[in-house]
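Residue numbers (the numbering used here): 246 to 517. Presented below is the structure to which this report refers.
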Ligand code: G1P
């Protein structure tokens, strides 16, 4: 069973400056709610019981967003009959019970973020989500968990992207393709058009085996001096670990740049 989800939250969000100079990108609201809450809802609906947030110690706002009981109690005292306020507090308390914090004080990559969580990983497999990749309309994590149950293997969420844009993404090599999935035989992080083995891109959802920790422990720094999860996945595939691509049915909403963030607001408000 997949019960734990790691959410790396230590990125600098430079593509969203100046907003991210005061608010972490994961707390920027989309149609009235931080994108992080969309991710949590997706996970809870897919059966996740615990979130491991990987955050820098010197950025307290994410902790404050979920752990500010004093503040809520104070206003609830004044506005005893405010039903909406009570509901908000209840929602926050529900998340609060599920969150554990792990610290990554410098953004050293998604691989390093996962490595920092090793002590808390309980089961053979766990979910990892990148919070600036929203997938709406169909629950992607749920689809991935179903494919994991069927294949007993690691899973990566994927969708076809424009061939001219492959160098923005991690790109997958495809074998044994069916309508909604395929077996991955290669991963290349941000390849040139020539290098790209397909135009199936990694979108920020992974079901990873706990044994990836051993690979990460001995992995050298990759592009940009960071420890990339993609490099560890590559090693595992070389060592015959099975990884499947889940061609998800939902709609992908990128929130990582200012332009795409504005667009995601429009797309999500149209949905509701
Ligand atoms: C990361 C991953 C990349 C993936 C992308 C999805 O890149 O390294 O493989 O395709 O997320 O959003 P980043 O967006 O951090 O550059």
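Just so you know, even glycine gets a beta-carbon here, dropped at the ideal spot from N, CA and C. The structure displayed is predicted, hence computed values, not measured ones.
Which residues bound the alpha helix (DSSP H) around residue i?
| i | result |
| --- | --- |
| residue 346 | Unbroken run through residue 346 is the beta strand (DSSP E), 344 to 348; no alpha helix (DSSP H). |
| residue 388 | 385 to 396 |
| residue 290 | 280 to 290 |
| residue 485 | First-last for residue 485: undefined, no H or E at that position. |
| residue 360 | 355 to 360 |
CA-CA distance, residue i and residue j?
| i | j | result |
| --- | --- | --- |
| residue 413 | residue 336 | 35 Å |
| residue 361 | residue 257 | 18 Å |
| residue 270 | residue 260 | 9 Å |
| residue 364 | residue 340 | 21 Å |
| residue 325 | residue 317 | 11 Å |
| residue 500 | residue 251 | 19 Å |
| residue 287 | residue 379 | 10 Å |
| residue 421 | residue 353 | 34 Å |
| residue 344 | residue 368 | 17 Å |
| residue 432 | residue 327 | 52 Å |
| residue 304 | residue 470 | 22 Å |
| residue 297 | residue 439 | 37 Å |
Quick one: grab the DSSP three-state call for residue i.
| i | result |
| --- | --- |
| residue 304 | coil |
| residue 267 | coil |
| residue 472 | coil |
| residue 405 | strand |
| residue 418 | strand |
| residue 379 | strand |
| residue 273 | coil |
| residue 309 | helix |
| residue 425 | coil |
| residue 430 | strand |
| residue 331 | helix |
| residue 491 | strand |
| residue 295 | strand |
Using CA coordinates, which residue listed in the options is at the minimum distance from residue i?
| i | options | result |
| --- | --- | --- |
| residue 409 | 446, 266, 355 and 427 | 446 |
| residue 312 | 507, 334, 478 and 430 | 334 |
| residue 457 | 479, 511 and 382 | 479 |
| residue 507 | 377, 459 and 287 | 377 |
| residue 485 | 398, 327 and 319 | 398 |
| residue 435 | 427, 459, 466 and 476 | 476 |
| residue 307 | 323, 330, 289 and 348 | 348 |
| residue 310 | 268, 418 and 411 | 268 |
| residue 342 | 440, 314, 350 and 319 | 314 |
| residue 294 | 300, 302, 285 and 301 | 285 |
| residue 429 | 455, 437, 439 and 400 | 400 |
| residue 393 | 453, 444 and 263 | 453 |
Tell me where the beta strand (DSSP E) around residue i begins and ends.
| i | result |
| --- | --- |
| residue 462 | Residue 462 -> not in any beta strand (DSSP E); alpha helix (DSSP H) instead, spanning 457 to 462. |
| residue 320 | Unbroken run through residue 320 is the alpha helix (DSSP H), 314 to 323; no beta strand (DSSP E). |
| residue 448 | 445 to 454 |
| residue 250 | 249 to 253 |
| residue 374 | 370 to 374 |
| residue 411 | Premise fails: residue 411 is in no beta strand (DSSP E) and is neither H nor E. |
| residue 497 | 496 to 499 |
Just to check my reading of the structure: residue i and residue j have Cβ atoms closer than 8 Å, yes? What is that Cβ distance to the nearest angstrom?
| i | j | result |
| --- | --- | --- |
| residue 390 | residue 292 | 7 Å |
| residue 427 | residue 489 | 7 Å |
| residue 372 | residue 386 | 6 Å |
| residue 283 | residue 404 | Not confirmed; about 17 Å, so no contact. |
| residue 442 | residue 467 | That belief does not hold up - the Cβ atoms of residue 442 and residue 467 are roughly 18 Å apart, past 8 Å. |
| residue 186 | residue 513 | Limits of the chain in this structure are 246 at one end and 517 at the other, which puts residue 186 out of reach. |
Would residue i pass as an interface residue toward chain C - the criterion being a Cβ-Cβ separation below 9 Å?
| i | result |
| --- | --- |
| residue 512 | Although the question refers to chain C, the structure presented lacks it and comprises just one protein chain. |
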